[in-house]
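*Asks:* Sequential numbering from 381 applies to the sequence shown in the working numbering. Glycine residues also receive a C-beta, built at the ideal position from the N, C-alpha and C atoms. Predicted model only: the values in this text are computed from it and were never measured.
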Amino acid sequence: MKRFFALTLILSACSGGNGVMDGIMSSWKGASVDEAISQWGYPDAEREVAGRTLLIWSRDIQLSTPGSAITSGTATTIGNTGYYTGQTTYSGGGVSNWNCTRILEINEANRIIGVDWRGNNCPFMEAGPYRNWRRQ
381 MKRFFALTLI LSACSGGNGV MDGIMSSWKG ASVDEAISQW GYPDAEREVA GRTLLIWSRD
441 IQLSTPGSAI TSGTATTIGN TGYYTGQTTY SGGGVSNWNC TRILEINEAN RIIGVDWRGN
501 NCPFMEAGPY RNWRRQ
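(1) Below 8 Å, can you find three or more Cβ-Cβ pairs linking the segment 460-471 to the segment 495-504?
(2) Out of Val413, Asn398, Glu415 and Ser471, which has the shortest C-alpha to C-alpha gap to Ile450?
(3) Under the three-state reduction of DSSP, which class applies to Pro446: helix, strand or coil?
(4) By how many angstroms is the C-alpha of Thr461 removed from the C-alpha of Trp478?
(5) Would you mind sorting Arg482 into buried or exposed? The rule is 16 or more other CB atoms within 10 Å of its CB.
(6) Report the residue from Asn398, Pro423, Ile441 and Arg432 whose alpha carbon sits nearest the alpha carbon of Ile493.
(7) May I have the straight-line CA-CA distance separating Gln516 from Ala430, to the nearest angstrom?
(8) Give me whichever residues DSSP pairs with Trp437 in a beta bridge.
(9) Within this structure, are the beta carbons of Asn490 and Ser438 separated by less than 7 Å?
(10) Would you kindly check if the distance between the Cβ of Thr445 and the Cβ of Gly473 is under 7 Å?
(11) Alpha carbon to alpha carbon, how far is Gln419 from Asn360? Give it in angstroms, no decimals.
(12) With C-beta atoms as the reference, is Leu435 less than 7 Å away from Glu426?
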């Protein structure tokens, strides 16, 4: 039950507005590309879209959740022989994909002029692997 509430809290924080992530990304407006690369490392991709240069950092995680098995049955004895009739039911388990993509738009002077982000695993607090995402 505790896991359900923790998961619900995490998903609700990620699915609604994310002021923390908005603040992280906004902190980069006006910074140089060199600053971003120094702090975040090299981008995963660079794209030209409608005459704009976009630098893209992606963080993708795949989590496997184990399933569970329930076995039930009956044992009977006929004479000196024991018989077992049972059934195993499997449930749950699977793989889930989590990601957060950060996009910086840069101008000809290599300054950040626009920011965007998307994903279901963007931080709602600045801790763990996300503590160095805000501009220093």
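*Replies:* In this structure, then:
(1) The segment 460-471, when compared against the segment 495-504, does not touch it at the 8 Å Cβ threshold.
(2) Per the Cα distances, Ser471.
(3) In the three-state reduction of the DSSP assignment, Pro446 falls in the strand class, which pools E and B.
(4) Cα-Cα distance, rounded: 53 Å.
(5) The residue is buried, with at least 16 neighbouring Cβ atoms inside 10 Å.
(6) When C-alpha distances from Ile493 are compared across Asn398, Pro423, Ile441 and Arg432, the shortest belongs to Arg432.
(7) The straight-line gap from Cα to Cα measures roughly 30 Å.
(8) The partner list for Trp437 (beta bridge, DSSP) reads Arg482.
(9) Pairing Asn490 with Ser438 gives a Cβ-Cβ distance that is not under 7 Å.
(10) One thing to note: Gly473 has its Cβ within 7 Å of the Cβ of Thr445.
(11) Summary: the structure shown does not reach residue 360, with the chain confined to residues 381 through 516, and so no result is reported for it.
(12) Going by C-beta atoms, Leu435 is nearer than 7 Å to Glu426.
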